[in-house]
Amino acid sequence: MRITHLGHACLLVEIADARLLLDPGTFAEDLAPVRDLDAVLVTHQHPDHLDPERVPQLAAASPGARWLCDPGSLEVLTGLGVAAQAHDGPSTVGEVTVTPVGHVHALIHEDIPRIPNVGVRLDAAGEPSFFHPGDALDAEPGPVDVLAFPLQAPWQRSREMTAFLRRHAAPHAVPVHDGLLRERGRALYLRQAADLGSPDTRIHDLAGAGPTDFRAGE
Numbered sequence: 001m002r003i004t005h006l007g008h009a010c011l012l013v014e015i016a017d018a019r020l021l022l023d024p025g026t027f028a029e030d031l032a033p034v035r036d037l038d039a040v041l042v043t044h045q046h047p048d049h050l051d052p053e054r055v056p057q058l059a060a061a062s063p064g065a066r067w068l069c070d071p072g073s074l075e076v077l078t079g080l081g082v083a084a085q086a087h088d089g090p091s092t093v094g095e096v097t098v099t100p101v102g103h104v105h106a107l108i109h110e111d112i113p114r115i116p117n118v119g120v121r122l123d124a125a126g127e128p129s130f131f132h133p134g135d136a137l138d139a140e141p142g143p144v145d146v147l148a149f150p151l152q153a154p155w156q157r158s159r160e161m162t163a164f165l166r167r168h169a170a171p172h173a174v175p176v177h178d179g180l181l182r183e184r185g186r187a188l189y190l191r192q193a194a195d196l197g198s199p200d201t202r203i204h205d206l207a208g209a210g211p212t213d214f215r216a217g218e
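Numbered continuously in UniProt numbering, the sequence shown closes out at residue 218.
In C-alpha cells:
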C-alpha cells in the first residue's frame, strides 16, 4: 500500500494495483496531476471533503473511475453530472474491498443539523488494511493496520482524538484533517497524538512527505 497525503483530509491510496482518491476537498493541494484513478471515495458533503469545483476536472481526468459516497454527497455529485453511487454495503474496486463504516457526522453544535458521514475501510489480499473515518470518531471498522485520524477539527476535542487512537490501537496512524492548523499548533497536536494516543501506534506525518509505503505485517 502506498499513501500520499494531498492536503487536509485528501489521500491518494494505491493498493493492489488500484488508485483510490479519498475526500478531494477545498483544502486539498492542486489535484490536476491526479489521474488514472480507479475510484473516488467521499465520506461526506462538507466542502473541505468534497469540492464541487474540482469534481468535473477529476471526472474528466479519470473517466473510468467509480465514485462511491455517503447519501448526502450523492445529490451533490449527481447534480454535477457524475454517475456516483451511495454505499450499499461492501463494494469492490478491482481487488480492493471498500466497506462503508458509520452513518452520521460528529456533532459540531446543537444549532447545526448533522449530516451523513460514512467512513471507508479498504482491504486487499496481501496488503495492509486501512480506515478513513471522515468526520466522526464513533465508527467501529474492526482492527486495521493503517488508521487515518482527524488531527484537529471544530467538532473534536484533543482528548477525543487521542482516545480514538487508543481505542483502535492500530500499528500505524496517519494524521488528516489538519488544514486549519498553523505550524506551531500542528506540532502540538502531533505531540499529543504520539504521547497520549496508543503506545502500540506509530504516527506517520505524511504532509509534504510524498508517497509513503506500508507493508502488511510491518
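Each residue gets a CB set at the ideal place from its N, CA and C atoms; glycine is no exception. Since this is a predicted model, take the numbers as computed values, not measurements.
The Cβ atoms of L41 and V96 lie no closer than 8 Å to each other. Distance from the CA atom of G126 to the CA atom of Q192, rounded to whole angstroms, is 32 Å.
Pairing E183 with L196, the inter-Cα distance amounts to about 20 Å.
DSSP places G79 inside the alpha helix (DSSP H), whose first and last residues are 71 to 79.
Per the Cβ contact rule, the segment 62 to 79 is in contact with the segment 32 to 47 (3 or more Cβ pairs under 8 Å). A straight-line Cα-Cα distance of about 25 Å links T92 and P171. Scanning the segment 138 to 185 from its first residue to its last, the whole beta strand (DSSP E) runs of 3-plus residues come out as 146 to 150, 172 to 176.
With a cutoff of 8 Å on beta-carbon distance, F214 and V146 are scored as near each other.
One thing to note: Q156 has its Cβ no nearer than 8 Å to the Cβ of L180.
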